[in-house]
Each structure stands twice: as structure tokens, then as C-alpha cells.
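Written out below as C-alpha cells is the structure these notes cover.
Number of protein chains: 2
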Amino acid sequence: MGKLDFSPIADTTRRAEIVALLRRAILTGQLEPGQKLNELRIAEQMRVSRAPLREAMRELVQEGILTSIPYAGTFVIDVTAKDIDDAYSLNKVLDEFAIERMWPLRDQRFFDELDRRHEAVKQATRNLDTTRQIETALQLHGLIHEWADNSVLLETWQRLTSRLQMYFALHQRARNEPVPAEDVHDTYVRLLKGSDMGAAQRHAREHIELDFEELLAYARSLEQRTSKGARADRAGLTRNRPEGD
Amino acid sequence: MGKLDFSPIADTTRRAEIVALLRRAILTGQLEPGQKLNELRIAEQMRVSRAPLREAMRELVQEGILTSIPYAGTFVIDVTAKDIDDAYSLNKVLDEFAIERMWPLRDQRFFDELDRRHEAVKQATRNLDTTRQIETALQLHGLIHEWADNSVLLETWQRLTSRLQMYFALHQRARNEPVPAEDVHDTYVRLLKGSDMGAAQRHAREHIELDFEELLAYARSLEQRTSKGARADRAGLTRNRPEGD
DNA sequence: TCTTGTTAGATTGTCGACAATCTGCTTGTC
DNA sequence: GACAAGCAGATTGTCGACAATCTAACAAGA
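Chains as they are written, first to last, in numbering that gives the first Met the number 0: chain A, 0 to 244; chain B, 0 to 244.
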């Protein structure tokens, strides 16, 4: 038989496209944290009715980068230092788990893909395209999760990644200078190709710790000024209440 | 000032109520895996238009217990042995992390809440209410995650829990006999009150392992018969594709 | 001046109808 | 009989309009 695999056909619903557009706008920082999303205005701009737009927003709310308050509006989530800290500490655990799981599954295809993504990061770095740099770096990092053959882990990591990407983008936006970070990933890639799993896990943990401190400091500095969308605080999250008691 | 705190007002949107109704139906197994959700029919039964229903469905899709295929329909996710395995192995990691984090945060309020939830499980067990038993057991288990003071962890665990609850409910449904499991949780609760964190972590891991094997065997037996909704396979999940290359 | 009630405007939530798409059946042709 | 084309029927996706709710400004009264 012919050994040609077709890629799945593109999503042809407006909803999916809206989701992609909005997500991109949020993750690149074009929509700022705390900002309110006016349905009517966005719908007009996109030449779309409010129905698919609202459905798209619901998805992003569940994805964790929007938050909705009934009859008040839907807002981009606020970035608190605690959130970043939480996300990072969990990410470390997930990384360790992912490496453990994917370690015996490494093969030539893995190494090739690893190099490919590493190259993409270097490319973006050369081009001084910081947005793309963040994106590719996270994709490089995500390979271990994709390769771990655990769909739940992958979903979890992708949710985490959305926020991390948003945090990084904001950080980059704040200070306009591009990160030099030329070959930060070299060690990471080398260790993933090596034979010492423990070393790879340790490096993943420390490597992350690195730019984390910087990011955290930035978030703390943001915390001072009062965000105009400050009332868009935690809503929902109380699924577990013991209703019958 | 008066020291009375009011609980937040109930969500008064139809959407929220629909979400709750649908989630309950799915998690208790009233809606079976692979089953298609006909929008028109459900909307009529609930006396609601399709708009809020569809928004509710979008939320549950992102929550991971429904899956949607454009122009084909929305289905309850299929339960594969691999999914259960994945969820459990990740859950073990999360438990360990949660215990580590909440350990220094334990106080009297924690112990009280622990006892309260433990009592709820025993109550449900006495009443032979298996659905409620599953629910309360998971709530007991969830306390460590709620107490870990990490919102991202909590969200992640709640997503996982949804599936686990669904799996358990299906399992219970299959074999009608209620689980004896009278005091399975006694040791768990005792260790969480004790001073040996490592022991608590170890127990959490092993205790889970217990009913896991049973559940997994059941899932494997299901895998034989062809589900009528079999084509409702993984859709989406490919957010990470490198679009510009 | 402070509080409370009222009202107008804007925004979100919901509805019913229409358009686009899929599925299965029928029909026609070889 | 096998197969492709085409035609209902049903279902999902989208639209425009209406209802419910919130916000802020303003007026009335203590």
C-alpha cells in the first residue's frame, strides 16, 4: 500500500478560527491581562455573529486564559506572581515525570524532531523575533511531553504552556531588548540525547529555574500598580462544593 | 464590624445550570461513553434554546469529558484502558506533589475538614449509595490538592477527577454489588494526620494502585466489544503544530 | 453631605429562524 | 448486481433580534 499519510483537513468552523485568533492575541500579549473583551465590538471586527464568538470564548475560559463573570463580561486572566510560581512548580514535576516516561521511547525520529525544533529556536533567535522565539522554545520543551505517550499529561502541559507563554510574552514586551539566550538549549538537547536520565531531569529543573526568577521578579513589580480589571478575580473554581449536605 | 461572610450568590445563567446537569449525567454514567448528544432533543427536554446548551457543551469539551467533531456531533468521551492508565499514573505524581506542598500547611481546620469528608464517605457507604460514595471518596482525596495552595494544581486535579469519577461510576454500574470498602480510607486519614510525610505519600500511591487494577481490568474487558460511537476518536489536541515553517 | 431610589444606556444572556453540512436512500446507468 | 450521481431528511453552524441584567449618572430626601 502507498505509505502516504495525509494531514487532517482544516477545521472549517468559524468558531475554531476565532479560538485560534483570540488565543494568539492573548498569548502574544496583544490583549493585556485584565482587559475586558467586548463581544459586540470583537464580533464586528471579525465580521462574525456573537454566537460562534461566545462559544469560542467559553473554550478559552475553560482553557484557563480567560475568565468570565455572568452579566459582567469576559476578561483576560490576571497574571499574579503566585500564579507564575504555581505554574512553574507544577511544571517541574511534570517535566520530571515526562522525561521518566519518554526516556525508553526515544528513537531516531525523536532525535530528529528534537534537532528540528532546536533549529527553529535558533532561527527565531537569529531573526530577533522574540514572539516566535518564545513559541519555538516552548515547542522544543514540549517534545518530551508529546513523546511521553500520555494524553492526559500532554493536555495538562498544554494548558500550563498557554499561561507560561503569556507570561513570557508579557515579560519580553516589558523590556524591549531581545534575550541573548543563544545556546541555552544546547545542554538540554545534549542531555536528552545522552544516557543519563537523572542528569536530564536535574537540568530540566535547574534550567527552568533560571529564567523563572527573572520572570517572577517582573510579575512582582507588576503587582504594585492597580490593574484596571482588578475585579476580574477568581470566578468559578468551586465545582467541588458538597451540594447535598 | 460584623464578622459574617456571605457565600457568593448562585450562578443564575442557564448555561451554568446546563453544565451542571450535563456533567452530572455524564459522571454518573447516565450518559454512556461514545453516546452522541443530540442538541435539539436535549434543548427541548431542558426547555432551553440551543445557544446556552451549545456553550455549555463547549465548556465540557474543554473539560475533557466530551469530544466534538464539526458538523458530526458532540459525544461523551470513550473510556480506553490506556486513558485510565494515563490518568492514574499522572495522578500518582500529582498526589505526591500535593502532599509535599500541603504538609506544612496542615492545621486544625484541615484536620476537621478531613474528618468531615471521611465521615461523608462512611455515611454514603452505610447508605449503599454507590454514586455518592464515589463522589465523597474523591472529595476526601481532593482535600490534599485543595490545601496545597496551588491553583494550577487544583485545576489539573479537578480535570483528572472528572474522568476518574466517570470511570468509577461505569465500573460500579457494571457490577451491581456495592463495594464493601468500609474503612479503606482509615489508614489514609491517619497518615495524613501523622508526622511521617513519606509514609503518607507512599500510602497514597499504593492505596490508589489498589482499586486501579480492578478498574483497569474492567476497562480492558470493555475494549473488546465495538462501541457504536467508536468514530468519536481524538479530535483536536494538535494545537502545537508549527504553523509557519 | 451622605444615602437611597430612579432612570437611561450599554452589555451580556437567550431565543427562534435560516444556512451549511452530513448521512442514508433512491435512482439511473453500465 | 455493482457503482456513481443525486436527492430528501436530519443535524449542526451561524445569524439577527429580543430579554435580562449591570453600571453609572442623576434626583430626592434625611
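All C-beta atoms in this analysis are idealised placements derived from N, C-alpha and C, irrespective of residue type, glycine included. Bear in mind that the values here come from a model prediction, so they are computed numbers and not experimental data.
Through-space distance from residue j to residue i, alpha-carbon basis
i, j, result
"B:R115", "B:M165", "24 Å"
"A:G1", "A:A168", "Caution applies to A:G1, whose pLDDT of 42 falls short of 50 and renders its modelled position unreliable; the model cannot decide the point."
"B:I17", "B:L52", "7 Å"
"A:R46", "A:R40", "10 Å"
"A:T155", "B:I68", "21 Å"
"B:K91", "A:M101", "17 Å"
"B:T27", "A:R131", "44 Å"
"B:T11", "A:R158", "28 Å"
"B:H144", "B:F96", "9 Å"
"A:E295", "B:D195", "Since the displayed chain A opens at 0 and closes at 244, residue 295 of chain A lies outside it and no answer follows."
"B:H140", "B:V183", "12 Å"
"B:A123", "B:D185", "15 Å"
"B:A19", "B:A50", "16 Å"
"A:E112", "A:L142", "8 Å"
"A:A231", "B:V120", "At A:A231 the pLDDT is 33, less than 50, meaning the model places this residue with poor confidence; the figure from the coordinates comes in the next sentence. If you take the alpha carbons of A:A231 and B:V120, they lie about 36 Å apart."
"A:D106", "B:I133", "41 Å"
"B:A199", "B:I207", "12 Å"
"B:A203", "A:Y70", "42 Å"
"A:L59", "B:T66", "16 Å"
From the options, residue whose alpha carbon lies closest to that of residue i
i, options, result
"A:Y187", "A:I98, A:A86, A:E145 and A:G33", "A:I98"
"B:G72", "B:R105, B:G33 and B:D82", "B:G33"
"B:S150", "A:V47, A:S48 and A:Y87", "A:Y87"
"B:W146", "B:L215, B:D94, B:R125 and B:S48", "B:D94"
"B:A173", "B:Q138, B:L153, B:R108 and B:E31", "B:E31"
"B:F109", "B:T160, B:K192, B:A80 and B:S161", "B:K192"
"B:E222", "B:I207, B:V78 and B:I133", "B:V78"
"B:Q138", "B:N126, B:E118, B:F96 and B:I76", "B:E118"
"B:L163", "B:Y70, B:D210, B:M196 and B:L36", "B:D210"
"B:V75", "B:D185, B:I25, B:Q122 and B:A50", "B:I25"
Contact test: residue i Cβ vs the ligand ADP heavy atom, cutoff 8 Å
i, result
"A:D185", "Ligands in the displayed structure: none, and consequently the ligand ADP is not present."
Beta-carbon proximity check, residue i vs residue j, cutoff 9 Å
i, j, result
"B:I64", "B:R14", "no"
"B:R57", "A:E54", "yes"
"A:Q171", "A:T129", "yes"
"B:L104", "B:D148", "yes"
"B:R219", "B:A80", "yes"
"A:L36", "B:L152", "no"
Residue i burial status per 10 Å Cβ neighbour count (16 or more: buried)
i, result
"B:E205", "exposed"
"B:S48", "exposed"
"B:Q29", "exposed"
"A:L127", "exposed"
"A:G197", "exposed"
"B:S161", "buried"
"B:Q61", "buried"
"B:E242", "At B:E242 the pLDDT is 30, less than 50, meaning the model places this residue with poor confidence; the figure from the coordinates comes in the next sentence. Counting Cβ neighbours within 10 Å, B:E242 comes out exposed, since fewer than 16 surround it."
Check your understanding: With contact counted as at least three CB pairs below 8 Å, one residue from each stretch, are the region 71-85 of chain A and the region 213-221 of chain A in contact?
Key -> yes
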